[in-house]
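Participant: Following this message is one structure expressed as structure tokens.
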Amino acid sequence: MTTSTQTAKATKVTSPDLRRLVASECASLSGSAVSTVALPTLAVLELHASTTQIAVLAFLGQLPNAVVALPAGALSDRYAKRPQMIAADLTAAAVLSTIPAAAFAGVLGIGQLYAVAVVLGIAKIVHDAAAISYLPVLVEPHQLQRANSRLGAASSVADSAGSNAGAALVGAIGAARSLLADVLSYLLSALLIWRIRTPEPVAAPPEGRRTLARDIGEGLRYVTRQPTVRTVIAALSTLSFGLAVMNTYWAYYLLDRLGTSPSAFGVIMGIGGAGGVVGALLAPRIAARIGIGPTIIVGFAVSPLAQVPLLCAGPGLRWQIILAATLAVQLFWATASGTSQRSLRQAVCDPGFQGRMQSASTTLTAGARPLAAATAGGLVLLLDVRATLAVGALLQVVPVVLLLASPIRVLRKIPTRAAVPPAREGAS
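Residue numbers (our numbering): 14 to 441.
Structure (structure tokens):
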């Protein structure tokens with residue numbers, strides 16, 4: 014390889030198109046964080062929604078993860094990804110703009126929030142399925158780790174900044190009008206994606222008549238037959254289930270049982286978020302030092318260990334400091350592991366299955382959260398809150414066992430697809 018070629022590949026990770034994709038994701042995430050604050054505030058304080066209506070609103074917002082992810086992944090693999098991302102952003106901007114318009118006209122109701130939550134969820138799934146599978150188009154396989162690191166760190170900062178901005182905007186101009194910030198963020202995201210110029214590979218035309226169901230079935234078969242992808246997604250889904258069991262009562266446990274004030278709770282979350290940003294930035298260095306496989310496994314192993322201080326905690330400032338430091342360490346390794354496993358999956362996955370691979374992961378990880386919440390609700394009736402949290406922590410040991418029993422434990426570098434035998438990729 015010539016020096017000029019090496020230089021070109023080394024600098025491709027900082028290409029203008031990659032910067033546009035990162036900026037697009039940051040704009041969308043920061044705006045969505047504003048909506049995360051504004052929508053519940055609007056429902057509770059201005060529409061006086063009941064607890065049941067709040068639960069329905071939260072459920073409808075999560076429902077597309079379980080229902081729409083697989084079709085969205087199939088569409089992402091079948092058609093060009095950039096138009097799908099742009100269309101999803103414009104759809105989200107249009108539907109979200111109806112809320113301040115209806116509030117201004119005095120006709121806003123909880124039913125409209127339900128509809129907006131569903132459409133926003135669908136638009137996000139379509140956008141994410143295309144965006145994550147589009148990243149390997151912009152960078153070389155050996156640059157995926159650095160690109161995902163940059164994307165993860167920028168996204169963490171944008172999400173945190175958006176949450177703070179959302180709280181400030183809701184207090185300053187009201188919940189309905191603050192949603193205009195999210196509308197603008199979607200429009201900015203669409204503009205940035207439209208300016209990306211890197212051409213996508215032309216997909217081979219399907220043989221015979223193809224249905225979406227057949228494409229989804231092929232994608233699921235590919236995921237189950239590709240050992241690396243299958244193992245990582247299985248570990249992710251079981252970890253997500255355990256975390257979701259804990260997250261059902263995590264905030265309640267800190268605020269009610271441990272007597273943490275809302276301001277102290279916010280500080281704990283902020284310190285934890287800072288750990289996540291650092292972990293995303295240092296992920297490539299950590300993987301280069303200890304290997305991609307150990308980085309992934311350590312990130313999974315830290316999660317159940319980080320729950321021990323929570324289960325032993327009591328009221329008081331000393332425990333709050335311990336919990337903040339523990340959360341920072343947990344999120345540090347979670348993001349370092351997350352960027353590493355995402356890069357590994359993208360590198361070994363066939364380009365024609367990138368969208369369906371990601372959608373399978375989304376369906377199993379995010380789609381299991383409502384079931385995990387229901388499980389937590391049942392456990393707390395039989396046990397107590399602390400014991401329910403302990404069950405969630407024990408469930409997080411399962412993915413560690415799965416990873417340690419797989420070849421991922423000895424994987425030092427991200428392999429290229431050329432190094433993966435076709436039979437192990439699930440090809441017939």
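From the three backbone atoms N, C-alpha and C, an ideal C-beta is built for every residue, glycine too.
Computed from a prediction, not measured in an experiment: that's the story for all the values here.
Considering only residues of the same chain and omitting the five flanking positions on each side of residue 342, which have a CB-CB separation below 7 Å?
Facilitator: Spatial neighbours of residue 342 in its own chain (CB-CB distance under 7 Å, excluding positions within 5 residues in sequence) are listed in chain order as 288, 315 and 319.
Participant: Go ahead and pull the three-state DSSP assignment for residue 322.
Facilitator: Note: residue 322 maps to helix in three-state DSSP.
Participant: Just to confirm my understanding: we take residue 248, look at its own chain, exclude 5 residues before and 5 after, and list those with CB closer than 7 Å. What are they?
Facilitator: Close CB contacts of residue 248 within its chain, under the 7 Å cut and outside five residues either way in sequence, are with 313, 412, 415 and 416 (chain order).
Participant: Output the distance between the C-alpha atoms of residue 19 and residue 48, rounded to the nearest integer angstrom.
Facilitator: The predicted position of residue 19 is uncertain, since its pLDDT is 40 and thus under 50; no value can be drawn from it.
Participant: Within 8 Å, do at least three Cβ pairs link the region 197-215 to the region 97-105?
Facilitator: yes
Participant: Please report how far the alpha carbon of residue 407 lies from the alpha carbon of residue 175, in whole angstroms.
Facilitator: 33 Å
Participant: How about residue 352 and residue 258: are their beta carbons less than 8 Å apart?
Facilitator: no
Participant: Please list the terminal residues of the continuous alpha helix (DSSP H) segment that includes residue 366.
Facilitator: Segment: none, residue 366 is in no alpha helix (DSSP H) and carries neither H nor E.
Participant: If you reduce the DSSP assignment to three classes, tell me which class residue 120 lands in.
Facilitator: coil
Participant: Kindly indicate which three-state DSSP category residue 141 falls into: helix, strand or coil?
Facilitator: helix
Participant: For a quick check, are the C-beta atoms of residue 424 and residue 306 less than 8 Å apart?
Facilitator: Contact: yes.
Participant: If you follow the alpha helix (DSSP H) that residue 86 is in, where does it begin and where does it stop?
Facilitator: 82-91
Participant: Give every residue of the same chain whose Cβ lies closer than 6 Å to the Cβ of residue 337, excluding the five residues on either side of it in the sequence, and list them in chain order.
Facilitator: Hits under 6 Å: 281 and 284.
Participant: With 16 other CB atoms within 10 Å as the buried threshold, where does residue 235 fall?
Facilitator: Residue 235 is buried by the Cβ-count criterion.
Participant: In three-state DSSP terms, what is residue 214?
Facilitator: coil
Participant: At what residues does the alpha helix (DSSP H) containing residue 2 begin and finish?
Facilitator: Residue 2 is absent from the structure shown; the chain starts at 14 and stops at 441.
Participant: Buried or exposed for residue 303, please, with buried defined as at least 16 other CB atoms from any protein chain shown within 10 angstroms of its CB.
Facilitator: With fewer than 16 Cβ atoms within 10 Å of its Cβ, residue 303 is classed as exposed.
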